[in-house]
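Protein chains in written order, with the numbering used here: chain A, 1 to 115; chain B, 1001 to 1112. We put the CB at the ideal spot given by N, CA and C, even for glycine. Below is one structure; the comments refer to it alone.
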Amino acid sequence: KNQVEQSPQSLIILEGKNCTLQCNYTVSPFSNLRWYKQDTGRGPVSLTIMTFSENTKSNGRYTATLDADTKQSSLHITASQLSDSASYICVVSFISNFGNEKLTFGTGTRLTIIP
Amino acid sequence: SQTIHQWPATLVQPVGSPLSLECTVEGTSNPNLYWYRQAAGRGLQLLFYSVGIGQISSEVPQNLSASRPQDRQFILSSKKLLLSDSGFYLCAWSYGGNYGYTFGSGTRLTVV
């Protein structure tokens, strides 16, 4: 069964500190992995997308890594800001038997930045 | 640039009443369109997707239906809402593959 598991479920850190969020998946065959940021009551916003051949991608203070062999990804946030408080969702996609892309969503990590 | 609009932002409806949520996309043509539901503490669940006008695929059996009357319009409907239909509904568009998904701002539906 295709699954995406994220850890920790929630995280509280001080403003200015770094943090790393984890994503493990069992999705197969793998197509790509995405990280989204979702503010409370809003739709998810894309941060990064990585294919099988990419093992790191940055977007400002966000850096995502991918190890396709161990089926793990991480999202590292540097010098956190209060506006980073949100849920971070890992999404892994695969191509179905019918040739269309399917997304499997993790349940997210709720990150809270405190001043 | 492409934009996606979803409305209303919040909705409170009694059990048994009908539902119509609308999603429109601007600045693109022939997108793949999606309806997702996000329950509290759960990952997003795909409800419907459409690859073209009048083409709807349902992912899970449920009390809801979807329609795509125009290329850039996607509608989520129900004839009679159930309490279990409460949740956060998100519309999204994509060209598929390694192209990103863009989500709407969501509709918080509460069935009372």
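Check	Outcome
In or out: Q1070(B) buried (at least 16 other Cβ within 10 Å) or exposed?	exposed
With a threshold of 16 other CB atoms inside 10 Å of the CB of Y1095(B), please say whether the residue is buried or exposed.	exposed
Run down chain A in chain order and give the residues with a C-beta less than 9 angstroms from the C-beta of F1103(B).	Y36, Q38, R42, G43, P44, V45 and S46
Restricting to Cα atoms, I'd like to know which of N59(A), I13(A) and E101(A) is closest to L119(A).	Residue 119(A) is absent from the model: chain A starts at 1 and stops at 115.
Taking 7 angstroms as the CB-CB limit, is F105(A) close to chain B?	yes
Residues of chain A with CB under 8 angstroms from R1042(B), in chain order?	T107
Name, going along the chain, the residues of the stretch 14 to 32 of chain A whose beta-carbon falls closer than 9 angstroms to a beta-carbon of chain B.	S31 and N32
Would G1016(B) count as contacting chain A if we go by Cβ distances under 7 angstroms?	no
In the DSSP assignment, the beta strand (DSSP E) including A86(A) goes from what residue to what residue?	A86 to I95
Quick test of your reading: D39(A) and A79(A), contact by CB under 8 angstroms. State the CB separation rounded to the nearest angstrom.	Contact flag wrong, Cβ pair sits at about 19 angstroms.
Find the residues of chain A that neighbour P1108(B), judging by a C-beta separation of less than 7 angstroms, and give them in chain order.	Residue identity check: residue 1108(B) is Arg in the sequence provided, not Pro. What R1108(B) touches in chain A: G41.
Can you give the beta carbon distance from L21(A) to V92(A), rounded, assuming they're within the 8 angstroms contact cut?	Rounded, the Cβ-Cβ distance is 14 angstroms, inconsistent with contact.
Contact criterion: CB-CB distance below 7 angstroms. Does S1057(B) meet it with respect to chain D?	Note that chain D does not occur in the displayed structure, where the protein chains are A and B.
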